[in-house]
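The listed protein sequences derive, respectively, from chains V and Z.
In this text, residue positions in the first sequence follow my numbering: the first is 183, and each later residue adds one.
In this text, residue positions in the second sequence follow my numbering: the first is 3, and each later residue adds one.
Backbone N, C-alpha and C define an ideal beta-carbon position, used for all residues, glycine too.
Just so you know, these numbers come straight off a predicted model, no measurement behind them.
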Amino acid sequence: EAQVTQNPRYLITVTGKKLTVTCSQNMNHEYMSWYRQDPGLGLRQIYYSMNVEVTDKGDVPEGYKVSRKEKRNFPLILESPSPNQTSLYFCASSFGRVNTEAFFGQGTRLTVV
Amino acid sequence: SQQGEEDPQALSIQEGENATMNCSYKTSINNLQWYRQNSGRGLVHLILIRSNEREKHSGRLRVTLDTSKKSSSLLITASRAADTASYFCALGSSNTGKLIFGQGTTLQVKP
């Protein structure tokens, strides 16, 4: 089954404690991205990757890092989480950047206290 | 803002009725896409309409695109309780090369 898998689904952590949210897709997609979803603000792109070892900033990259060492994986790293990073996070993948449908993971609800 | 502006923000209808949601935008687009999100879950792609297309159908869904007015509409016919969800338009921007999401319309279909 074609899917994008995120882990964990739920995470509560403390300020400053480094964490990684994993994302994996099994569709051989070149393009992957991370979004955060906040009430009243919709989905905002954090980072994206056009292919292995090619990543770039989205609209709200501050406080986040990503890596793309393999085509299927695109982890999101919060080196020093802060409460304003409490949000619902989604990973997505697609064949291309714009002209194809995006497949989304089930989301990771992160709470930073 | 380059986002799609969705209207209405919330819509409540009875099962069997039609639901219409609108998306207006300001940027130049390659395509416009519609997604559905059930509460707290991932977005699911519904339909993609390219900038040179005017109308597209998929099952009970009908999407129109008017590039002169920079607007699109999503019509769900004969709605069901299972259609209850948030619906987002997403702009495939030719200016930025990005997919830009609107803030969504929350649809409630009452049984």
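With a threshold of 16 other beta carbon atoms within 10 Å, Ile31 of chain Z meets it and is buried. Apart from sequence neighbours up to five positions away, the residues of its chain that approach Ile194 of chain V with a beta-carbon distance below 6 Å are Thr293, ordered along the chain. Pairing Lys251 of chain V with Val236 of chain V, the inter-Cα distance amounts to about 9 Å. The region 246-292 of chain V contains no complete alpha helix (DSSP H) run of 4 or more residues. A Cβ-Cβ separation of about 6 Å places Asn33 of chain Z in contact with Ile51 of chain Z under the 8 Å criterion. It is roughly 15 Å from the alpha-carbon of Ile102 of chain Z to the alpha-carbon of Asp220 of chain V. Taking 9 Å as the upper bound on Cβ-Cβ separation, chain Z lies near residues Ser215, Tyr217, Gln219, Gly222, Leu223, Gly224, Leu225, Arg226, Gln227, Tyr230 of the region 206-239 of chain V. In the displayed model, Ala184 of chain V falls within coil according to three-state DSSP, outside both helix and strand.
Per the coordinates, the alpha-carbon of Thr107 of chain Z lies some 20 Å from the alpha-carbon of Ser269 of chain V.
The beta-carbon separation of Gly240 of chain V and Ser215 of chain V, rounded to 7 Å, stays under the 8 Å limit for a contact. Taking a 10 Å sphere around the C-beta of Leu260 of chain V, we find 16 or more other C-beta atoms and assign the residue as buried. One alpha carbon belongs to Asp68 of chain Z, the other to Asp9 of chain Z, and they sit about 16 Å apart. Distance from the CA atom of His59 of chain Z to the CA atom of Tyr37 of chain Z, rounded to whole angstroms, is 14 Å. The residues Lys112, in chain order, have a CB closer than 7 Å to that of Gln16 of chain Z in the same chain once the five nearest residues on each side in sequence are set aside.
Contact check for Ala87 of chain Z against Leu109 of chain Z passes: the beta carbons are separated by less than 8 Å.
A buried status is given to Thr290 of chain V, since no fewer than 16 other beta-carbon atoms sit within 10 Å of its beta-carbon. Residue burial is scored here from C-beta neighbours: Leu223 of chain V has fewer than 16 other C-beta atoms within 10 angstroms and is therefore classed as exposed.
Within a 10 Å sphere around the beta-carbon of Gln267 of chain V sit 16 or more other beta-carbons, which makes this residue buried.
In this structure, Ser73 of chain Z and Ser14 of chain Z do not form a Cβ contact; the two beta carbons are roughly 23 Å apart against a cut-off of 8 Å. Residue range 192-195 is occupied by the beta strand (DSSP E) that includes Thr195 of chain V. Note on geometry: alpha-carbon atoms of Pro263 of chain V and Gln35 of chain Z lie some 33 Å from one another. In this chain, the beta strand (DSSP E) harbouring Arg218 of chain V covers 213-220. In this structure, His211 of chain V lies near Phe277 of chain V, with their beta-carbon atoms less than 8 Å apart.
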